[in-house]
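J.: Got a structure for you, written out below as structure tokens; questions coming shortly.
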Amino acid sequence: MLVLVLGDLHIPYRAHELPEKFKKLLVPGKIQKILCTGNLCSKETFDYLKTLASDVHVAKGDFDTSNYPESKVVEIGNFKIGIIHGHQVVPWGDHESLGMLQREMDVDILISGHTHKYETFEAGDKFFINPGSATGAYSGFTSDVCPSFVLMDVQGNHAIVYTYQLRNGEVKVEKLEHKKKD
Amino acid sequence: GEKKGRERERRRFAGVGLSLPFARQPATMSVPESTMEQVLRSEQEKWLADAKAAVKQQAFYMKRAIDEDSLRDVFKYSSAMLGELRTSLLSPQKYYELYMRAFDELRGLEMFFEEQRGKGHTASELYELVQHAGNVLPRLYLLVTVGAVFIRSHESPIKSLLKDLVEMCSGIQHPVRGLFLRSYLTQVSKEALQLIENKVDTETSTEDAVEFVLQNFTEMNKLWVRMKHQGPVRERSKREKERKELRDLVGKNLVILSSMEDVDEAMYGKIVLPRIIEQIVNCKDELAQAYLMDCIIQVFPDEFHIKNLETFLDSCGNLQPNTDVSSILCGLINRLSRFMEASQAHAELFESVGAFNKILEPVSRISSSLDQQSVANIYSAILDFTVGQKSDTLDRVDLVLGQCAAALGGLGGSLSGQASRTLKGILTKPLDIYSITELLELSSYPSVMHLLDNTMQKQVAVDIVEKILQKGTVISDVKKVESLFDFISLLLKADEEDPVEEDEDDIEEEQNLIARLVHQMRSETNDIDNSFSILQLAKERFEKGGPLRLKHTMPTVAFDVLQLVKQCEDAEKSVKMLQYLHTIIDLISEVPQPEKAFKLYLECTLVADLKKLEDNAYDFMTAAFDIYENSIPDTKAQTEALAMLIGTLNDCANFGEDNWDTLITTATKWSIKLLKKSDQCKAVYSCSHLFFRKGGEAEASNETSDKVLVCLKRALTIAKQAQGMAKSSRGDVGPVELFIAILNKYVYFFDQQTSEEVIKAEDIQNLLDLVSNETSSLTASDDKTHNETVKFYHNTLRYIMHLKEKSPEKYASLSLKN
């Protein structure tokens, strides 16, 4: 199953739209689920995501006004995946604090955002993904934000993670693999 | 011969019960129209069949007389045959069929006359003889037929013959019969015109030929127009339809004029065009005017048109009010378009005679006598034409737009729906073709926009904004930004006409567009001053939109200013911009949207801190606290807001020790003041991170501050209180997960220590035991929340075990039991 992971678009307050090159990659009908870390911020942005896939899960970001949940857990393949925006986790982006949240939510993969910095790491056999900001929106504390998002191909215990980053006008793709330990 | 014909007719009429010689009146009015039409049609077919049969019969006798070489009999039978054309019964279409039948026979007759000339009769003799025919119509047909022979004979100058014939035809004033007669003359005279062109006759010039055709044309048009008034008023639309079928008879004359090679542009301009137009205007008939004006355009060469634009266009102002002037002009302009596209030489010709202005001036003049829709259509066509030219078109487009606005404005009144749509099309065209920068140079564009009603103006404004966003155009000139705001001014201010009815969702959609637009208005060369002045301008304009609008657009301005501050190297400028942010955030606060203002203050704090502008950072933080204390009443909102505040504070690295202490103490104080115990607990253990660093240090020191432990112990106390309350008020175990969370925090700080400075292993052990106790009562439960808590606990244990494996010495003293 193909899952799109993205967030922190901040449309319209901090960005005017997704980069053209990303829009061309995100074609409706290919993606089954969307997991969004929040801070969309407008209804139009949500509607756009709905055109890509009908199953859209959004966690509420600090600048969202719509009624999304603070956090969500979905099951895909054999994975329990948790989504949260991340501004609630103090210190922001801290690996250990994210670890505590993973333990609390009892998830295999934790997806969070807020830092506008793409990052993945493994801790204690669990996997952590921060898709960054899909629009490369301004962040008060991260410098050199570049637009990024993540596409996960989940089959059973196996997740292949493709990251897309827009650097200097070119889309760079990286591939990672994560297996769930029983 | 004719007597018999008349008798035959009388019998025909008597049978049907109608009176001679005109209109069939319906027997009764109660018969439905379609049935009546069917009856009439079958009558028509019968009459035509009868007439054709008669023609055939007389033609037979005529041909026999021709074979017998009997001139007298030829006259007799040809006259009888042509007598059938005197009928008033047939519709124009049917009459045409009869005419063609007779026409075929007349070819043979002409050949006979030609032969007769050879046999000793002069043409003029024949011409004389023919005039003894009894009835006018047959006489004239015979005259024309002989006329052809006469012309060929060169016995007289062609011009006098043509003049004679064209005048004699005036003897028939009945529209249909007259038209066909003159049409016959046209047909027959073609040969004569050819002879004139070949300069065969020294006394007849091209001017004479032109004069003949013009006269015939004029008379034919008069007859054609008169058809309209024949018969009862209620059948007028039917007659107009019948008239349309005959229009090419009249138009043919113009075709002939255009094919005369010796008619050059000079003659066209001096004689031909003015005469044709004179007749067109004087006849005061819409059908004729529309058809003939269009005919002129289609039939004469484009070079002629280009050199005579004023004459033609001015006459458009003199046509009947109901004549569709706009389609005439559009026809002309389309033709000129194609002409220009065909070659460079054509385009040069156009420019050399200043044709562009020669189109615009008359149009401007005649606009005042036209209706809105026509004016709109005309300018739409002119615009398409202008835009299609290859030369430097921007100024011209501006000129066209300006005139259009003046013309329509001058007509007064509000625009009809259809005219509005045409006008919208006019506005969309430059938008599609030009870049935004170019569009903004069309100073007349807004004046055309203002002619539309507010709704449509907004649509155009939205189109403009969407275009900019679509193309990703960046506008970096303050003046251009100002122009743009003028263009889209309706989107930026409240609708004065309809102040109550504003739909919030619609406004949100619109204003989100504007917000997105702000990101496109900046310097492209990292000129911070430039970008800042643009943002200041934006803020001023958005402010005028009132709270409903600015709540969507101001945050964007704020963020773009923050972005500038981040990039700015100059401390003074940064401070100035940060101060400006206060004015923006105040506006948002007053909407009222205190929560948004609060978040923005937090964002400002981050940037000020990043830039090491401690005073500004402290000031923003104070402002945030202020809103928190006074304007966020709702418990849930408070909890969320405080969490954001703690997170923000934690990320600040550059506060001096005193300020830092004040801030984190205040944060902790507010944490304890939250209503729900569990919220208090969570906020307090989050605050523990604040105490982890001594103020003024960018990184956590290796010495954990003991305040961290104080904080965590406080959190523990609150958790126990929460548990106590839950047990006594609801009889349940209470929020056990809080203990587990606190345990996690203990471990977090323990792990960061190098040695057990603050948090001791036994502190953790104690907590572990506590938690173990609390959770044991939950394991048996079915409750979902309890299950989650147990999972949290097990995950935590696993984590600690993992840490033990990683650094066994550190965790040596911890023992874990399940």
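From first to last, the protein sequence lines are chains B and S. 1 is the number of the first residue of the first sequence in the numbering used here; add one for each residue after it. 183 is the number of the first residue of the second sequence in the numbering used here; add one for each residue after it. Backbone N, C-alpha and C fix where the C-beta goes; we use that ideal spot for every residue, glycine too.
Going by CA-CA distance only, name the one from P776(S), D833(S), M736(S), E811(S) that's closest to L792(S).
T.: Considering only alpha carbons, the answer is D833(S).
J.: So F482(S) is in the beta strand (DSSP E); what residue range does that whole segment cover?
T.: It is not in any beta strand (DSSP E) - F482(S) carries neither H nor E in the DSSP assignment.
J.: Nearest to S306(S) by CA position, among P320(S), T327(S), R289(S), is which residue?
T.: When only C-alpha atoms are compared, the closest one is T327(S).
J.: Alpha carbon to alpha carbon, how far is I766(S) from A779(S)? Give it in angstroms, no decimals.
T.: Roughly 9 Å separates the two Cα atoms.
J.: Cα separation between L699(S) and V582(S)?
T.: Their Cα atoms are separated by approximately 29 Å.
J.: Okay, do the stretch 938-955 of chain S and the stretch 909-917 of chain S touch, 3+ Cβ pairs below 8 Å being the bar?
T.: Taking 8 Å as the limit for Cβ pairs, the verdict is that the stretch 909-917 of chain S does not touch the stretch 938-955 of chain S.
J.: Between G38(B) and V58(B), is the Cβ-Cβ spacing less than 8 Å?
T.: Their beta carbons are under 8 Å apart, which means G38(B) touches V58(B) by this criterion.
J.: Helix, strand or coil: which one does DSSP assign to N380(S)?
T.: The answer is coil: DSSP assigns N380(S) none of H, G, I, E or B.
J.: Within the chosen definition, does the stretch 783-797 of chain S reach the stretch 739-748 of chain S through at least 3 CB pairs nearer than 8 Å?
T.: Taking 8 Å as the limit for Cβ pairs, the verdict is that the stretch 739-748 of chain S does touch the stretch 783-797 of chain S.
J.: Taking the beta strand (DSSP E) that M631(S) falls in, what are its first and last residues?
T.: Unbroken run through M631(S) is the alpha helix (DSSP H), 627-631; no beta strand (DSSP E).
J.: Could you please give the first and the last residue of the uninterrupted alpha helix (DSSP H) stretch that includes K662(S)?
T.: Start and end: 660-669.
J.: What does N694(S) touch in chain B if you count any residue whose Cβ is under 7 Å from its own?
T.: In chain order: P12, S42, E44.
J.: Since Y48(B) meets chain S, which of its residues come closer than 7 Å, beta carbon to beta carbon?
T.: Neighbours of Y48(B) on chain S: none; closest Cβ ~12 Å, over 7 Å.
J.: Does the separation of the CB atoms of I770(S) and P737(S) fall below 8 Å?
T.: Cβ atoms of I770(S) and P737(S): closer than 8 Å.
J.: With distances taken Cα to Cα, identify the nearest neighbour of K1061(S) among L576(S), L565(S), D808(S), Q652(S).
T.: No information on residue 1061(S) is available, as it lies outside the stretch 183 to 1000 that chain S covers here.
J.: Closest to M1012(S) by C-alpha separation, out of R321(S), E297(S), Q313(S), T217(S), would be which residue?
T.: It is not possible to answer for residue 1012(S), since the shown part of chain S is limited to 183 through 1000.
J.: Nearest by alpha-carbon distance to I459(S): which of R429(S), E427(S), S440(S), N500(S) is it?
T.: Taking only the C-alpha atoms, the option nearest I459(S) is N500(S).
J.: Just curious, the alpha helix (DSSP H) that Y68(B) is in, first and last residue?
T.: Note, Y68(B): premise wrong, no alpha helix (DSSP H); not H, not E.
J.: Is the beta carbon of G16(B) sitting closer than 8 Å to the one on L784(S)?
T.: It should be pointed out that residue 16(B) corresponds to His in this sequence rather than to Gly. Against a cut-off of 8 Å, the Cβ pair of L784(S) and H16(B) comes out as no contact.
J.: Check Y561(S) in the structure and name its three-state DSSP category.
T.: Three-state DSSP puts Y561(S) in a helix.
J.: Taking the alpha carbon of E620(S) as the reference point, which residue from N636(S), S602(S), L576(S), M631(S) has its own alpha carbon closest?
T.: Of N636(S), S602(S), L576(S), M631(S), the residue nearest in Cα terms is L576(S).
J.: Shorter than 8 Å from the beta carbon of D808(S) to some beta carbon of chain B?
T.: For D808(S), the answer is no, since every Cβ of chain B falls outside 8 Å of its Cβ.
J.: Give the interface partners of P91(B) over in chain S, defined as CB-CB distance under 8 Å, in chain order.
T.: Those within 8 Å of P91(B) in chain S are G829, N832, D833, H871.
J.: In three-state terms, what does DSSP make of R167(B)?
T.: The answer is strand: DSSP assigns R167(B) an E or B state.
J.: Mapping the DSSP letters down to three states, classify A209(S) as helix, strand or coil.
T.: Below a pLDDT of 50, predicted positions are generally treated as unreliable, and A209(S), at 46, falls in that range; the measurement from the model is reported next regardless. Looking at A209(S) - three-state DSSP - the assignment turns out to be coil, as it is neither helix nor strand.
J.: Does the Cβ of T269(S) have 16 or more other Cβ atoms within 10 Å, making it buried, or fewer, making it exposed?
T.: Flag for T269(S) reads buried.
J.: Taking the beta strand (DSSP E) that K301(S) falls in, what are its first and last residues?
T.: That residue, K301(S), is in no beta strand (DSSP E); it is neither H nor E in DSSP.
J.: Using the three-state DSSP reduction, which class does T120(B) fall into: helix, strand or coil?
T.: DSSP places T120(B) in strand when its eight states are reduced to three.
J.: Nearest to E401(S) by CA position, among R364(S), A563(S), A448(S), T304(S), is which residue?
T.: The shortest C-alpha separation from E401(S) is found at R364(S).
J.: Return the residues of the stretch 924-937 of chain S that lie within a Cβ-Cβ distance of less than 7 Å from chain B, sorted by chain order.
T.: The stretch 924-937 of chain S vs chain B, Cβ under 7 Å: N926, Y930.
J.: Within a Cβ cutoff of 6 Å, which residues of the same chain sit near A236(S), ignoring the five residues on either side of it in sequence?
T.: Excluding positions up to five away in sequence, the list reads E266.
J.: Anything in chain B within Cβ reach of M826(S), meaning under 9 Å, just list it in chain order.
T.: Here the neighbours are D62, H87, Q88.
J.: Measuring straight from C-alpha to C-alpha, what distance separates A209(S) and P414(S)?
T.: At A209(S) the pLDDT is 46, less than 50, meaning the model places this residue with poor confidence and gives no usable figure here.
J.: Going by beta carbon distance, what residues of the same chain come within less than 7 Å of L845(S), once the five residues before and after it are set aside?
T.: Same-chain partners within the cutoff: M803, L831, F837.
J.: Terminal residues of the continuous beta strand (DSSP E) containing V155(B)?
T.: First, the residue type needs correcting, since residue 155(B) is Gln and not Val in the sequence shown. Its beta strand (DSSP E) spans residues 148-155.
J.: With a threshold of 7 Å on Cβ separation, who are the neighbours of N926(S) within its own chain once the five nearest residues in sequence on each side are excluded?
T.: Within the same chain, N926(S) has close Cβ partners T978.
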